[in-house]
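For the sequence shown, this note's numbering begins at 238 and goes up steadily by one.
All C-beta atoms in this analysis are idealised placements derived from N, C-alpha and C, irrespective of residue type, glycine included.
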Amino acid sequence: MNPVVSQTDSFVNQLNWHTNQSTKALEQLAGGTRLQAPQDDAAGLAVATKLQAQLRQFNAAARNLAHATSFTQTQDGYLESAQDTLNRMGELAIRAQDATLNPDQRALFQTEFQALKDTFNDTRTAEYNSHPLFDGTARTVASSPDDLVQLPGVDLFTAEQNAVTAQSTRLDSPAQAQAALQEILTATDQLATDRAGTGSTLTELESAQARLVTQTEASTATFSRISDTDVNEVMTRLAREQSLTQNNLFALQQLNSNQSHLIDLLG
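Printed below as a string of structure tokens:
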């Protein structure tokens, strides 16, 4: 083999190699990731792919927790309103246990009392995204790829709550008002228990969200370390490869020039 041709091929191969390395470095800088192709880091790409899938799952779980929190907060808001309603009904029941009231005054109390019963009943039938809030149904949501959060059911159709809205619960007489007050107090105790339950659920959801944030941050940091371009390292490599490209190009030009000069001498 002609040694000049062999040397020329060597310089061309080196020139192509350093040019390709420069191009790869530029692509990594432009794309922000060093994993432009599987051959760049097969093991790293496999881990990054799994982490990417995991991060998407974490994002889905975060939406689940947000919806569950909204659902439970809505429950608690209605329960707070129901508590205010029962408090006012209890106040009226106390007022109605006054034997000095005339019929018109008692009728006014009963009118407001009935309106509050209707309000309480409206609360019991409230919905969130077409789901009844107070039918006692327990629900679960995925809080991460491996965990579930339980949303205990809240039932406002128990015997205690039904007694409050019963037709017989009225303020037409002091005796009826006294009986109504007992029903209201019992329902209020149950409602306090229900609100304690929603408060506990909200605390659990908040903890689940905090754990998910920690997991997401850790996975994001790992994914970044594996896939993100190290700008300083790539810039250094790019400068080196561009310098070597120029050196090989100059050497190839010199070789071609020497070869041409030799041909002229032989001619």
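Under the rule that 16 or more other beta-carbon atoms within 10 Å means buried, what is residue i, buried or exposed?
i: G268; result: For G268, the predicted structure reports a pLDDT of 48, less than 50, and the residue's modelled location is therefore unreliable. A value from the coordinates is still provided. G268 comes out exposed.
i: D431; result: buried
i: K354; result: buried
i: E420; result: buried
i: V401; result: buried
i: N296; result: exposed
i: R376; result: exposed
i: Q398; result: buried
i: Q404; result: exposed
i: Q312; result: buried
i: A414; result: buried
Hey, quick one: how far does the alpha helix (DSSP H) through residue i stretch, first residue to last?
i: A400; result: A396 to T402
i: A333; result: Neither: A333 is in no alpha helix (DSSP H) and is coded neither H nor E.
i: L385; result: Premise fails: L385 lies in the beta strand (DSSP E), L385 to L388, not in any alpha helix (DSSP H).
Pull up the CB-CB distance for residue i and residue j, whole angstroms please, since I reckon it's below 8 Å.
i: L329; j: S380; result: So it is not a contact: roughly 43 Å between Cβ atoms.
i: D372; j: F394; result: 7 Å
i: T435; j: L292; result: Wrong, their Cβ atoms sit about 31 Å apart, outside the cutoff.
Is the beta carbon of residue i sitting closer than 8 Å to the one on residue j?
i: L439; j: Q310; result: yes
i: A352; j: L408; result: no
i: V378; j: V386; result: yes
i: G327; j: L442; result: no
i: L370; j: Y315; result: yes
i: Q446; j: L288; result: no
i: A396; j: T406; result: no
Determine which residues share a DSSP beta bridge with residue i and list them.
i: R361; result: None; R361 has no bridge partner.
i: V450; result: Note: V450 sits in no beta bridge, so no partner.
i: A458; result: DSSP lists no partner for A458.
i: A379; result: L385
What residue does the beta strand (DSSP E) around residue i start on, and which one ends it?
i: V391; result: It is not in any beta strand (DSSP E) - V391 carries neither H nor E in the DSSP assignment.
i: T374; result: Here T374 belongs to no beta strand (DSSP E), and DSSP marks it neither H nor E.
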